[in-house]
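For what it's worth, the working numbering labels the leading residue of the sequence shown as 227, then goes sequentially. Even for Gly, the Cβ is constructed at its ideal location relative to N, Cα and C. All remarks here apply to the structure that follows.
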Amino acid sequence: MAFCKYDTIGGLNDSTEDWILRVRAQAIWKGITKQTGEFRGYNIIFFDDYSSRIHAFITAPIVPQFDKKLEEGQIYELETFKVKTYNGDETNRAVRNDKHIYFTADTKLEKETIPGIKIPKHSFDFFNLEDMEAMKNDNRFLTDIVAVIEDVQPKVSYTKNSEEKSHVPIVISDGRTTLNVTFFNEMGNNFLETYQTADTKPVIIIIACVKVSEWKDVLNLTNFPATRFYLNTDHSVVDMLRQRLAMPNFYVMDIEDDEEVCEVPIMKISEIRKLSEAYVEKKVACEITVKKFDEKMNWYSPFCIECDEDINAVDGKYFCTTKTCQRNYPYPDKRFRLYSFCSDDTCTIPIVWPDDEICRLTGKTVYDVEAEESEISAENDLICKDFSPPTAKSSNKCRPRIFFKDVDNQAAKEPKLKNVKLEKVSSLLNN
Numbered sequence: 227m228a229f230c231k232y233d234t235i236g237g238l239n240d241s242t243e244d245w246i247l248r249v250r251a252q253a254i255w256k257g258i259t260k261q262t263g264e265f266r267g268y269n270i271i272f273f274d275d276y277s278s279r280i281h282a283f284i285t286a287p288i289v290p291q292f293d294k295k296l297e298e299g300q301i302y303e304l305e306t307f308k309v310k311t312y313n314g315d316e317t318n319r320a321v322r323n324d325k326h327i328y329f330t331a332d333t334k335l336e337k338e339t340i341p342g343i344k345i346p347k348h349s350f351d352f353f354n355l356e357d358m359e360a361m362k363n364d365n366r367f368l369t370d371i372v373a374v375i376e377d378v379q380p381k382v383s384y385t386k387n388s389e390e391k392s393h394v395p396i397v398i399s400d401g402r403t404t405l406n407v408t409f410f411n412e413m414g415n416n417f418l419e420t421y422q423t424a425d426t427k428p429v430i431i432i433i434a435c436v437k438v439s440e441w442k443d444v445l446n447l448t449n450f451p452a453t454r455f456y457l458n459t460d461h462s463v464v465d466m467l468r469q470r471l472a473m474p475n476f477y478v479m480d481i482e483d484d485e486e487v488c489e490v491p492i493m494k495i496s497e498i499r500k501l502s503e504a505y506v507e508k509k510v511a512c513e514i515t516v517k518k519f520d521e522k523m524n525w526y527s528p529f530c531i532e533c534d535e536d537i538n539a540v541d542g543k544y545f546c547t548t549k550t551c552q553r554n555y556p557y558p559d560k561r562f563r564l565y566s567f568c569s570d571d572t573c574t575i576p577i578v579w580p581d582d583e584i585c586r587l588t589g590k591t592v593y594d595v596e597a598e599e600s601e602i603s604a605e606n607d608l609i610c611k612d613f614s615p616p617t618a619k620s621s622n623k624c625r626p627r628i629f630f631k632d633v634d635n636q637a638a639k640e641p642k643l644k645n646v647k648l649e650k651v652s653s654l655l656n657n
């Protein structure tokens, strides 16, 4: 059983073209030569399920191969391409990655038709507004920011080189720094239209790939072809900023001090077991050793795709018992639910591994494991015979198994702590 079908953006290098990625396209824009207006090709920002980002380029001669497939927000399987390293003298790069992807005539780009591991809707590389002053003289990179919109001024229309032009000035703040932003032409029009329909005020804006510039000695942020804006979007950083905005000292708060308060405490298992209900769903860190997985517990659970709750079979049929849902499923979706016993030098505790983490480690879904079960049945029979000598009560059938081999050879990634939470596990402790 292969460890993972897909490569990661962080592991790309220029040694081969035999790469395969599963990525989301966050932004797609045309490359146009400013002096001549010549179309050079398409630029794309891709990111994977680790939120690692990379810039890709499709040169004009091969654009017809991919033109009809390109769609912002779409998840793709990208296969066979060149990986190049930037020279270092490029300007206005959309991603702070020293490598980029170069499509060839052999490159394959296919839209995902069967849902796989969850990939976030967006991936950003945020900088504080106070950092913009130091970045105004560095034209190597565009940047991402989040802020509260304090003022939107009327659109300014004018004629330049016999062409109708316009721009929309706005003022933003993150509580410590206030900056001017200017959206030019079509982006300004799109911003005004979207801003007028925003329900929640004040509006919180994320601007991705914004250009830092200076006009008449005043710092200003402006749009670039790669620039995208998002108003009140569903993102954790927007929720955090709105919570800070509700505090009376928003405009004097120290963001770094605020982050220090949110540091995750490091505990021993013995300390975790003594925590009260006040810590339910709060984050803690603990270094553990996985001793074994509980084979008596089922390794997956069916769940409701509407309300994300586990569901059970009643008279052979699956029903969601949530009052607001109550849907029935002839064939419900499944997700991993592995029960393990883990220890440190103080004691042992049961831990439930959520679906996202198992998928992240193995690169597979429940359905991948079930599909491959028949392919490795011969291997399973051999393993059962080697480690479970036949008895009157034994069976030659093995449960589906998840392999974690080669994990040590992979690049270390920060775990998704938001998917791990403390829950009551008294039923497991009493077993």
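Looking only at DSSP bridge pairs, what is residue i linked to?
i: R279; result: F273
i: R561; result: S527
i: F450; result: BP columns for F450 are empty, so no partner.
i: Y555; result: Y544
i: P576; result: F567
i: W255; result: N269
i: R366; result: According to DSSP, R366 bridges with nothing at all.
i: V516; result: C568
i: F352; result: D370
i: V249; result: Y302
i: I327; result: A282, V309
i: L238; result: DSSP, once it has assigned bridges, lists no residue as partnering L238.
i: K334; result: E305
Taking buried to mean at least 16 other C-beta atoms within 10 Å of its own C-beta, is residue i buried or exposed?
i: Q252; result: buried
i: V592; result: buried
i: S569; result: exposed
i: T333; result: buried
i: K590; result: buried
i: P290; result: exposed
i: M473; result: exposed
i: K231; result: exposed
i: R322; result: exposed
i: F529; result: buried
i: I577; result: buried
i: A504; result: exposed
i: W579; result: buried
With distances taken Cα to Cα, identify the nearest neighbour of residue i among the options.
i: V397; options: L447, D425, K391; result: L447
i: E359; options: A320, E507, V444, P380; result: V444
i: T426; options: W441, T459, N449; result: T459
i: S277; options: M361, K295, T588, T234; result: T234
i: K295; options: K256, G314, E336; result: E336
i: T547; options: I537, R454, K494; result: I537
i: D275; options: V463, A597, E598, T588; result: T588
i: D400; options: T420, P380, F410, A373; result: A373
i: I371; options: Y384, N387, N354, K386; result: N354
i: F417; options: E440, L405, S392; result: S392
i: G299; options: G314, K347, K260; result: K347
i: E513; options: D559, H281, C573, K560; result: C573
i: D293; options: I254, T317, L238; result: I254
i: Y544; options: Y555, K522, I431; result: Y555
Three-state secondary structure (DSSP) at residue i?
i: I340; result: coil
i: S569; result: strand
i: V510; result: coil
i: D232; result: Residue 232 is actually Tyr in this sequence, not Asp. Residue state, collapsed to three classes: coil.
i: S462; result: helix
i: E440; result: strand
i: G542; result: coil
i: D373; result: In the sequence under discussion, the amino acid at residue 373 is Ala, which differs from the Asp named in the question. Three-state DSSP puts A373 in a strand.
i: T588; result: helix
i: V595; result: helix
i: D536; result: strand
i: Y312; result: coil
i: A434; result: strand
i: I492; result: strand
i: R499; result: coil
i: F455; result: strand
i: R468; result: helix
i: L418; result: helix
Which runs of the beta strand (DSSP E) spanning at least 3 residues fall entirely within the segment 375-416, listed in chain order?
382-386, 389-399, 404-410
What are the start and end residues of each continuous beta strand (DSSP E) run of 3 or more residues lying completely inside the segment 282-306, in chain order?
301-305
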